[in-house]
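> Structure in structure tokens, see below.
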């Protein structure tokens, strides 16, 4: 079983749509969770951390279900500028330990 | 903000050449990482370092070595470049403040080995 699995997409949505990405992870010892955003031919950038209680940052909402080992990212009112690849990332929460990346989900928002 | 710079954005080298990729951070962070990213394979860890002169192998260290002589600088070395090392190389820094473990990436070096 792969450590972090994501639906690769692509997700093609119109502006203003709500879109949700899901991610599952295999290591129950994972403690920290993140969503990164990566634009074409650029480096990944931290979008948001994911907390057990769920968290929201503007149009973006992240949720964590530890029992099901499942993470989600919801984007409301999609903008053209949201077009990118979204990477689900987990870590066992030890300093100096590599992040474990999913392969990413590609989102394309059209006008 | 964490600032991470990499020596080159694009690099073209010939098979058999020794290649140096440099990564520099602007703070005193201890943990630094080298990844490569390939289509369909995602990001894979090559090496990481948790202090000066300290290094640990990642998932795919074969054909690579690293050097960390100063805290702010972490170099990736391809001893004898091969075509299968054509890839995007990304350096990351982990500030590790207050028990958070997110990493911040440099802009990447797109290496082509011909």
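Chains as they are written, first to last, in the working numbering: chain S, 21 to 131; chain U, 202 to 315.
All C-beta atoms, glycine included, are put in the ideal place defined by N, C-alpha and C.
1) Taking the Cβ atom as the reference point for each residue, do residue 242 of chain U and residue 277 of chain U lie within a distance shorter than 8 Å?
2) Comparing alpha-carbon positions, which option in U/235, U/249, U/252 and U/250 lies nearest residue 63 of chain S?
3) Give me the subset of the stretch 23 to 42 of chain S whose CB atoms are less than 8 Å from a CB atom of chain U, sorted by chain position.
4) Which word fits residue 60 of chain S, buried or exposed, when buried means at least 16 other C-beta atoms lie within 10 angstroms of its C-beta?
5) Please classify residue 85 of chain S: does DSSP put it in a helix, a strand, or coil?
6) Who does residue 206 of chain U pair with in a DSSP beta bridge?
7) For the putative contact between residue 110 of chain S and residue 50 of chain S, defined by C-beta atoms under 8 Å, what is the C-beta separation to the nearest angstrom?
8) Quick one: is residue 217 of chain U near chain S, going by C-beta distance under 8 Å?
9) Would you please verify whether the beta carbon of residue 80 of chain S is less than 8 Å from any beta carbon of chain U?
10) Quick check: the stretch 215 to 234 of chain U against the stretch 284 to 292 of chain U, are there 3 or more CB pairs under 8 Å?
11) Out of S/80, S/105 and S/53, point me to the one whose CA is closest to residue 93 of chain S's CA.
12) In the DSSP assignment, find the beta strand (DSSP E) that holds residue 69 of chain S and state where it starts and stops.
13) Measuring alpha carbon to alpha carbon, tell me which of S/131, S/55 and S/91 ends up nearest residue 72 of chain S.
14) Does residue 124 of chain S come within less than 8 Å of chain U when only Cβ atoms are used?
15) Which of the three DSSP states is assigned to residue 242 of chain U in this structure?
16) For residue 119 of chain S, which three-state DSSP category applies?
Inspection of the coordinates gives the following:
1) For this step, residue 242 of chain U is matched to residue 41 along the second chain. For this step, residue 277 of chain U is matched to residue 76 along the second chain. Contact: no.
2) Sequence index remark: in the first chain, residue 63 of chain S carries index 43 (1-based). The option with the nearest alpha carbon to residue 63 of chain S is U/235.
3) none
4) As a working mapping, residue 60 of chain S is identified with position 40 in the first chain. With fewer than 16 Cβ atoms within 10 Å of its Cβ, residue 60 of chain S is classed as exposed.
5) Within the first chain, the letter at position 65 stands for residue 85 of chain S. Here residue 85 of chain S sits in strand by DSSP.
6) Within the second chain, the letter at position 5 stands for residue 206 of chain U. Answer is U/225, bridged to residue 206 of chain U.
7) Your numbering for residue 110 of chain S matches position 90 in the first chain. Your numbering for residue 50 of chain S matches position 30 in the first chain. 4 Å between Cβ atoms; contact.
8) By one-based count along the second chain, residue 217 of chain U stands at place 16. Residue 217 of chain U does not count as touching chain S.
9) Counted from its first residue, the first chain places residue 80 of chain S at position 60. Judged by the 8 Å Cβ criterion, residue 80 of chain S is not in contact with chain U.
10) yes
11) What you label residue 93 of chain S is simply residue 73 of the first chain in a count that begins at 1. Of the candidates S/80, S/105 and S/53, the residue whose Cα lies closest to the Cα of residue 93 of chain S is S/80.
12) Against the first chain, residue 69 of chain S aligns to sequence position 49. Counting along the chain, the beta strand (DSSP E) containing residue 69 of chain S begins and ends at 64 to 70.
13) Residue 72 of chain S sits at position 52 when you count from the first residue of the first chain. Ranking S/131, S/55 and S/91 by Cα distance to residue 72 of chain S puts S/91 first.
14) Position 104 of the first chain, counted from the start, is the residue given in the question as residue 124 of chain S. Closer than 8 Å to some Cβ of chain U, the Cβ of residue 124 of chain S qualifies, so yes.
15) Counting from 1 along the second chain, the entry for residue 242 of chain U is found at position 41. Residue 242 of chain U falls in the coil class under three-state DSSP.
16) Residue 119 of chain S sits at position 99 when you count from the first residue of the first chain. Note: residue 119 of chain S maps to coil in three-state DSSP.
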